[in-house]
């Protein structure tokens with residue numbers, strides 16, 4: 022099988038690494054990829070949001086499957102263009118990708134499907150926002166209706182901050198606050214059926230103790246020793262399958278990974294948000310544990326032949342990933358700082374480095390080229406051992422201005438995680 026992975030980040034490096042482990046994948050390409058994917062695949066300099074360019078590249082390479090990483094690629098209609106050209110694609114069409122591209126659309130789908138989620142109001146004016154904030158009270162939850170790379174949500178008790186965020190957006194969804202720990206669950210979907218991957222938890226805030234601004238994610242781990250028994254079965258029955266049925270009834274069958282961001286509230290499981298792609302950085306730990314060959318699973322989804330009774334195999338133990346971010350991330354990340362120590366970090370037992378926002382400069386030096394620069398993955402017999410491996414590898418890295426959280430998965434044996 023010849024496979025093309027679209028996207029430039031850590032999620033795509035994790036996908037490429039997992040696909041390379043699949044013996045059925047004989048030829049692997051990334052567009053554009055990064056210096057890390059270049060070690061396991063052939064990179065191609067391309068704008069992955071350009072449908073015509075992607076179709077041309079996929080056709081020229083003769084690929085059997087295109088795997089889409091970022092949400093912007095899906096919303097741009099790359100999946101539609103590939104399917105129109107007869108090329109199998111793992112990733113939904115643009116209309117189905119609105120499940121992430123529009124928070125208002127997602128709420129409408131959930132209401133129609135009976136999926137448990139927070140009460141919400143779609144607001145087109147500041148008058149509407151004021152009324153919604155009054156109705157729900159603090160903590161205030163204000164979400165940009167469009168794509169915002171994981172940073173379009175403000176959760177705050179500061180009404181002025183909530184109003185300022187709303188004013189900076191064209192349209193927002195204001196919703197009731199959901200208490201309880203959050204969980205991410207990915208389901209692989211072929212338009213009709215779905216199979217779940219392992220649940221994971223990520224850490225959105227930039228600083229230790231869940232302080233600081235919201236980010237795209239500063240770390241993640243799996244499995245979740247505190248998760249209630251039967252959680253995955255419950256989510257598949259009450260969230261994933263009803264959502265797939267509703268989208269199919271609207272004439273937009275969902276093919277790809279449906280990411281359900283969940284809150285385990287005092288009143289039960291509630292959907293915080295849907296994403297139309299693999300979550301970043303949860304993908305880095307979930308795929309690390311996956312023993313079933315990934316390429317065959319994704320191709321079965323793309324071709325509409327996924328076996329819903331398939332029992333996936335998982336490597337025993339745990340995985341923890343910690344994000345190394347550039348100076349001033351997430352506000353205005355500084356690019357160009359030289360990165361050292363990657364080989365030394367890779368040499369730490371039970372750990373390895375995934376490239377997220379990196380590039381090679383004119384002298385061939387590895388430099389920061391994005392907000393989240395590296396993902397350091399640690400593995401072990403349990404979360405504590407995996408966490409120790411990740412932080413041991415982190416100690417080998419050097420990058421001026423680089424920063425990371427020191428408390429990722431520190432309390433993984435308890436349920437009081439946000």
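Numbering (the working numbering), first residue to last: 22 to 439.
Every residue, glycine too, gets a C-beta built ideally from N, C-alpha and C.
Please read these numbers as outputs of a predicted model, since none were measured by experiment.
For residue i, which residues does DSSP report across the bridge?
i	result
residue 417	Note: residue 417 sits in no beta bridge, so no partner.
residue 143	194
residue 311	335
residue 27	52, 89
residue 360	420
residue 111	88
residue 346	393, 424
residue 63	50
In its own chain, which residues sit with a C-beta less than 7 Å from the C-beta of residue i, not counting the 5 before and 5 after it?
i	result
residue 186	163, 175
residue 436	At residue 436, the pLDDT of 43 sits below 50, so the modelled position is not reliable and the matter cannot be decided from this model.
residue 310	219, 243, 335, 336, 340
residue 417	362, 365, 366, 369
residue 23	47, 48, 82, 83, 84, 85
residue 307	207, 218, 219, 221, 243
residue 54	29, 33, 62, 64
Can you tell me the Cα-Cα spacing of residue i and residue j, whole angstroms?
i	j	result
residue 420	residue 72	36 Å
residue 325	residue 212	7 Å
residue 257	residue 217	7 Å
residue 438	residue 427	For residue 438, the predicted structure reports a pLDDT of 43, less than 50, and the residue's modelled location is therefore unreliable. The matter cannot be settled from this model.
residue 188	residue 352	18 Å
residue 432	residue 344	18 Å
residue 34	residue 151	42 Å
residue 406	residue 209	29 Å
residue 295	residue 225	15 Å
residue 400	residue 414	11 Å
residue 93	residue 297	10 Å
residue 119	residue 96	7 Å
residue 36	residue 26	8 Å
residue 160	residue 128	20 Å
residue 147	residue 126	20 Å
residue 253	residue 32	22 Å
residue 380	residue 74	22 Å
residue 181	residue 245	36 Å
residue 91	residue 28	6 Å
residue 135	residue 375	39 Å
residue 354	residue 392	5 Å
residue 137	residue 177	23 Å
residue 327	residue 333	12 Å
residue 425	residue 386	22 Å
Taking the alpha carbon of residue i as the point to measure from, which residue in the options has its own alpha carbon closest?
i	options	result
residue 41	428, 329, 326, 314	314
residue 361	395, 371, 195	395
residue 38	53, 28, 57, 45	57
residue 341	317, 278, 409, 351	409
residue 286	317, 249, 433	249
residue 300	333, 179, 30	30
residue 205	115, 283, 373	283
residue 130	161, 108, 264, 137	264
residue 140	153, 147, 146, 148	153
residue 149	78, 54, 183, 266	183
residue 105	127, 77, 91, 132	77
residue 240	260, 180, 262, 302	302
residue 122	135, 137, 98	98
residue 50	376, 62, 197	62
residue 142	135, 136, 155	155
residue 338	44, 293, 100, 312	312
residue 145	107, 113, 191	191
residue 373	385, 356, 397	397
residue 290	261, 316, 270, 318	261
Looking only at its own chain, which residues have a Cβ that is under 6 Å from the Cβ of residue i, when we skip the five neighbours before and after it?
i	result
residue 124	164, 166, 194
residue 207	218, 278, 280
residue 117	268, 273, 275
residue 382	388
residue 329	214
residue 227	233, 234, 236
residue 430	242, 341, 404, 408
residue 70	93, 94, 97
residue 44	none
Output needed for residue i: all residues of its chain with C-beta closer than 8 Å, excluding positions within five of it in sequence on either side, in chain order.
i	result
residue 358	347, 348, 388, 389, 420, 421, 422, 423
residue 109	85, 86, 87, 103, 320, 323, 324
residue 133	267
residue 371	399, 400, 401, 406, 407, 410
residue 173	164, 165, 167, 190
I want to see whether chain B comes within less than 8 Å of residue i, judged by CB atoms only; does it?
i	result
residue 249	The structure shown contains no chain B; it holds only a single protein chain.
Check whether the Cβ of residue i lies closer than 7 Å to any heavy atom of the ligand FMN, and answer yes or no.
i	result
residue 23	For the structure depicted, the ligand FMN is absent and the ligand set is empty, with no information on it obtainable.
Could you pull out every unbroken beta strand (DSSP E) segment of at least 3 residues lying fully inside the region 70–104, listed in chain order? 86–89
What ranges does the alpha helix (DSSP H) occupy inside the region 364–434, keeping only unbroken runs of at least 4 residues that lie completely in it? 404–415
Enumerate, from N- to C-terminal direction, the unbroken beta strand (DSSP E) stretches of 3 or more residues contained entirely within the region 236–292. 240–243, 276–286
For the region 146–231, which segments carrying the beta strand (DSSP E) assignment without a break, of at least 3 residues, lie completely within its bounds, in sequence order? 161–165, 174–177, 193–196, 203–211, 215–217, 226–228
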